[in-house]
Ligand code: DLZ
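Numbering (UniProt numbering), first residue to last: 1 to 207.
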């Protein structure tokens, strides 16, 4: 019997023509690193090229909706401008030449490679990890970010993949980042990469 949880079996989508943004928070960095790497792994498995995966980081999850909105707007400007707005948008090639994705977000402002597509993003993955503490902070941030990301995707007309883990314990986060020895440990970043490709391809068809 097929598993109850998870996105179910989908057909394979060809992401080779797609341009995908990833914006991640830096809170809970070890989990974030694994989730970002999981997303990149499935984007590349679907054919999205390094040059067309653009990564940005922000301090915490609360900043994700604004960052997604500005990243998408920058990609539209870059697309419509002959000289390009590429200074803002670095590709995964720039960001992944070392072992740590997050360390290399310092290169956020480097120029995009000549080979990178200058089309607006086909999808953006927003990644953050919220771990519940002793106050109401968690609830407020989770609620604001969820609504903010939904609003951005509908307002901007670009798929925004909801890569926000809202967990009660660090151990739950480790299981969802594929870092735990628990039987159900699974890197949700991989699902987010696949969701971005499927939505990016379908959106072109729905345009
Ligand atoms: C303040 C805060 C707290 C308490 N917890 C988290 C968290 O678990 N995950 C996360 O991504 N960010 C957290 N933040 C930071 C906020 O998201 C935000 O960066 C700051 O409040 C500044 O706006």
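Every residue gets a Cβ at the ideal spot worked out from N, C-alpha and C, and that includes glycine.
Residues near residue i in its chain [Cβ-Cβ closer than 8 Å; skip 5 each side]
i           : result
residue 7   : 191, 194, 195
residue 10  : 194, 198
residue 168 : 131, 132
residue 63  : 25
residue 59  : 25, 26, 27
Cut-off 6 Å between Cβ atoms - residues of its own chain near residue i, not counting five sequence neighbours on either side
i           : result
residue 69  : 152
residue 38  : 187, 189, 190
residue 35  : 127, 177, 189
residue 148 : 65
residue 18  : 48, 122, 200
residue 117 : 19, 52
residue 97  : Per-residue confidence for residue 97 stands at a pLDDT of 36, beneath the threshold of 50, marking its modelled position as unreliable; no derived number is given.
residue 5   : none
residue 15  : 46, 47, 48, 197
residue 75  : 120, 121
residue 155 : none
Other residues of its chain near residue i: CB distance less than 7 Å, five sequence neighbours each side excluded
i           : result
residue 41  : 190, 193
residue 157 : none
residue 182 : 175
residue 61  : 25, 27, 128, 130, 141, 145, 164
residue 32  : 24, 25, 26, 102, 127, 129
residue 73  : none
residue 99  : Note that residue 99 scores a pLDDT of 30, beneath 50, so its modelled location is shaky and nothing firm can be said.
residue 134 : none
residue 223 : This structure does not reach residue 223, given that the chain is present from 1 up to 207, and the question cannot be answered.
In DSSP terms, what residue i is bridged to
i           : result
residue 123 : 20
residue 116 : In the DSSP output, where bridge partners are listed per residue, residue 116 has none listed.
residue 128 : 164
residue 25  : 58
Heavy atom of the ligand PLP within 7 Å of residue i beta-carbon
i           : result
residue 201 : Looking at this structure, you won't find the ligand PLP anywhere; what it does contain is the ligand DLZ.
What are the start and end residues of each continuous alpha helix (DSSP H) run of 4 or more residues lying completely inside the segment 131 to 195, in chain order?
The qualifying runs are 137 to 156, 170 to 176.
Report yes or no: do three or more beta-carbon pairs, one from the segment 159 to 172 and one from the segment 182 to 198, lie closer than 8 Å?
These segments touch.
Is it true that the segment 2 to 22 meets the segment 114 to 130, where meeting means three or more beta-carbon pairs spaced less than 8 Å apart? A contact exists between the segment 2 to 22 and the segment 114 to 130.
Which residues end up in the neighbourhood of the ligand DLZ when you take C-beta atoms closer than 6 Å to any of its heavy atoms? Near the ligand DLZ, meaning a Cβ closer than 6 Å to any of its heavy atoms, lie the following residues in chain order: 25, 27, 28, 59, 60, 61, 62, 63, 128, 129, 130, 131, 133, 137, 141.
Next on the checklist: Could you check whether the segment 33 to 45 touches the segment 63 to 80, counting it as contact only if at least three pairs of C-beta atoms, one from each stretch, sit closer than 8 Å?
Outcome noted: No, they do not touch.
Starting from the N-terminal side, write out each stretch of the beta strand (DSSP E) that is 3 residues or longer and does not extend beyond the segment 50 to 85. Annotation: the segment 50 to 85 contains the following complete segments of the beta strand (DSSP E) (minimum length 3 residues), in chain order: 53 to 58.
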